[in-house]
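Using the working numbering, the first residue of the sequence shown is number 541, and each one after it goes up by one.
Just so you know, even glycine gets a beta-carbon here, dropped at the ideal spot from N, CA and C.
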Amino acid sequence: MNEVDPESREKGKSLRPLKSLVPFIAPYKGVLLVALLALLLSSAATLAMPIAVGNVIDYGFSVDDADRIDRYFYILLLFAVAIGLFGAARAYFVHWLGERVVADLRRQVFAHVIYMDPHFFETTKIGEVLSRLTADTTLIQSVSGVSLSIVLRSSIQFIGALVLLAYTNIELMGILMLILPMAVFPILGVGRWLRRLSRDSQDRIADASGQAAEVLGNAETVQSFVAEGLEVNRFSHAIEVSFSTAVRRIRVRAFLTTLATVSVFGALIFVLWLGAKEVLSGDMTGGELGQFVLYAMFVGFAAAALSEVWGEVQRAAGAMERLTELLLIRSGIQVPSQPLPLPQPTRGEVGFQGVSFSYPSRPGELAINDFSLRINAGEHVAIVGPSGAGKSTLYQLLLRFYEPQVGTMTIDGLDIQQVEPQAVRQTLALVPQECVIFGTTAIENIRFGRPQASDAEVIAAARTASAHDFLVRLPQGYDTYLGERGARLSGGQKQRIAIARAILADPAILLLDEATSALDSESERLVQAALDSLQQNRTTMVIAHRLATVLEADRIVVLENGRILDTGRHEELVARNAVYAQMVKLQFGNTGASTSDATSLSVALPEG
């Protein structure tokens, strides 16, 4: 899988990335055609006005036909009305198209990123992704809306005015065409320079956003170490770097505008000077010169607008290149071309056959080493071992967050790599030690386990998880906003909501990471009873830190360095396995602890 690495990206030099917008515009061809039609009619009316003005100058002031001037001004008024109406229609449809394209682009980028595997989020700053979803798409919005409108209008007016300049006076138009390229080519070169600076500026903004997101997401840790000043200084430095990069971009942009204005209008003024001399010599009429002046102004304004928007187009091309990089990244978890369905209903039999796995960040270190285990449907298996033994890694592999390098994992005898990851995860429910609470209401947090569940089903799950009583006491009950990451709840309350979420999901396989660890004694008793009921006729894997949990298991699996040291019941393992016996000894001071001893104590088994 490719990683987002802003430092190693090749800086683009063309507008080719903007081609990636075509699939987003294609569904709205009708709107684009209406906008183009309005643009053509508006531009035609604009380009026809100088001819009317020329006729007014040459023929409208004749005393022999004084009524003619009225007709000419009526015609000019009609042109003005047409320009206003069709210009407004063009602006509306082009802007609508820009907003629609950016909305679709944001949706697709987010939908793509949310399916990425954990390795992507380990190697990519969330702030970088958010910057691309916001700042970069805003640039695209400008190009697909305002800038696209300006480019189309100015291009038509530029070409149309050049053609009509030739019709008015081919000699002066030829001179203008010789001079104009000398003004345009330097503008294109400066535009490429501006694009590189724009990409650098966007990267620096993304760096600052990533740093801010990380610090604000861990504000309590920062404050507990009195590191606010340090983080303010770090963020200020990132902002200053971003500002310095932006200033360089602004300087080049200002230079580009100056260069475009002086060179284009300088060329026009020279040609108009030649035309004025032809009027004095009698080779042109005053009306033709006026007509030529207006068309020359159209050419100048159109060229200036195109050069001005060229910088925006270059910036947007860089932004689209950054967004396309995200869309081209592929998850390390591949969906099979012809996925197999899991048996329905799923019994919950789990199998590991010769599984070995190393994390991408530590390729030379085996987190799981030749692991083989079969868990029968409905069996309750506890997994114990020191920290780093591979307990949580087994869950991540089973959830298909990673793929093992060697071996297979099965559910009901079917290799899960032949099944869609989402289908595998629907048969599982994870209740971790550090549960996740989303920034929404309590009822929506529980309903996350089964979005289509009714309110009554959500409340029933909360009752089973011993969460109902404290939820109804919240200011708005189940509709209370819980704050980002559940800031308004205690650790035990968060844990009970996570358990209610798993109960509502009603999975075939439960994955528990000592789900009652954050509860007080009374809540633990109530929730443990609910979990005991939930585990009936359901496969359960428990990462166990408490001996009471271990004693209730059908089997205990002792892990060390990713390998199975032993499996069996508590009494068997105490007698024959030194690692397990040592854990029990550290907790109780002897290896002969009884079930009643374990139940009466809540001291955690050490993780090493």
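Just to check my reading of the structure: residue i and residue j have Cβ atoms closer than 8 Å, yes? What is that Cβ distance to the nearest angstrom?
i	j	result
Ala836	Leu808	5 Å
Gly627	Leu688	In fact, because the Cβ distance is near 15 Å, the residues do not count as touching under 8 Å.
Glu943	Ile915	No, Glu943 and Ile915 are not in contact; Cβ-Cβ is about 20 Å, not under 8 Å.
Pro1047	Leu968	5 Å
Asn1117	Val1098	6 Å
Phe698	Leu645	Going by Cβ atoms, the distance from Phe698 to Leu645 rounds to 29 Å, so no, they are not a contact pair.
Met860	Pro557	4 Å
Trp733	Val792	6 Å
Gln854	Thr708	Rounded, the Cβ-Cβ distance is 34 Å, inconsistent with contact.
Arg672	Leu863	6 Å
Leu814	Val649	Wrong, their Cβ atoms sit about 53 Å apart, outside the cutoff.
Val804	Ala843	5 Å
Gly594	Gly827	4 Å
Among the candidates the options, whose CA atom is the shortest distance from the CA of residue i?
i	options	result
Gly624	Leu1105, Val1012, Ala585, Arg940	Ala585
Ser871	Pro658, Leu1126, Asn1101	Pro658
Asn985	Gly840, Ala1007, Val964	Ala1007
Asn1101	Gly925, Pro726, Gln831	Gly925
Arg744	Leu702, Asp676, Ile1049	Asp676
Arg1041	Thr1080, Leu970, Tyr1021, Arg1013	Leu970
Arg987	Glu960, Asp1019, Gln945	Asp1019
Leu834	Gly822, Ser582, Trp850, Leu812	Leu812
Ser738	Ala759, Leu679, Ile710	Leu679
Let me know the secondary structure DSSP gives residue i once reduced to three states.
i	result
Ser994	coil
Val544	Interpretation of Val544 is limited by its pLDDT of 47, a score under 50 that renders its predicted location unreliable; no figure is taken from the coordinates.
Tyr899	coil
Gln1068	helix
Ser560	helix
Asp1106	strand
Met717	helix
Thr677	helix
Leu645	helix
Phe626	helix
Ile615	helix
Met488	Residue 488 lies beyond the stretch modelled for the chain, which goes from 541 to 1148, so this question has no answer here.
Met1081	strand
Arg887	coil
Glu768	helix
Glu1092	coil
Leu970	strand
Ile908	strand
Ala922	strand
Measuring straight from C-alpha to C-alpha, what distance separates residue i and residue j?
i	j	result
Gln681	Leu670	16 Å
Ile977	Leu1044	15 Å
Gly700	Trp636	26 Å
Lys559	Ala929	49 Å
Ile956	Arg940	8 Å
Phe633	Val571	6 Å
Ser1030	Ala767	25 Å
Arg990	Ala1005	16 Å
Leu692	Leu796	21 Å
Thr981	Ala1000	17 Å
Tyr614	Pro590	14 Å
Val755	Glu771	7 Å
Asp747	Arg640	28 Å
Tyr655	Lys569	30 Å
Phe810	Leu704	19 Å
Val1078	Gln1068	Per the sequence presented here, residue 1078 reads as Arg, with Val not at that position. If you take the alpha carbons of Arg1078 and Gln1068, they lie about 15 Å apart.
Gln893	Lys665	35 Å
Phe619	Ile696	17 Å
Arg1025	Ala845	48 Å
Ser994	Ala1002	13 Å
Val653	Ala1027	26 Å
Ser749	Gly667	5 Å
Asn773	Gln742	21 Å
Ala631	Tyr1021	41 Å
Thr1080	Gly891	13 Å
Met713	Val839	11 Å
Glu997	Ile983	10 Å
Ile1083	Val642	45 Å
Pro721	Ile690	21 Å
(request) Evaluate the contact criterion for the stretch 1025-1045 versus the stretch 968-983: three or more CB pairs, one atom per stretch, below 8 Å. (result) yes
Using 8 Å as the Cβ pair cut-off and three pairs as the minimum, do the stretch 897-904 and the stretch 1089-1101 touch? no
**Message:** If contact is defined by three or more beta carbon pairs under 8 Å, each pair taking one atom from either stretch, is the stretch 874-882 in contact with the stretch 572-579?
**Reply:** no
Problem set entry | Validate contact between the stretch 887-898 and the stretch 924-940 using beta carbons, cut 8 Å, 3 pairs | yes
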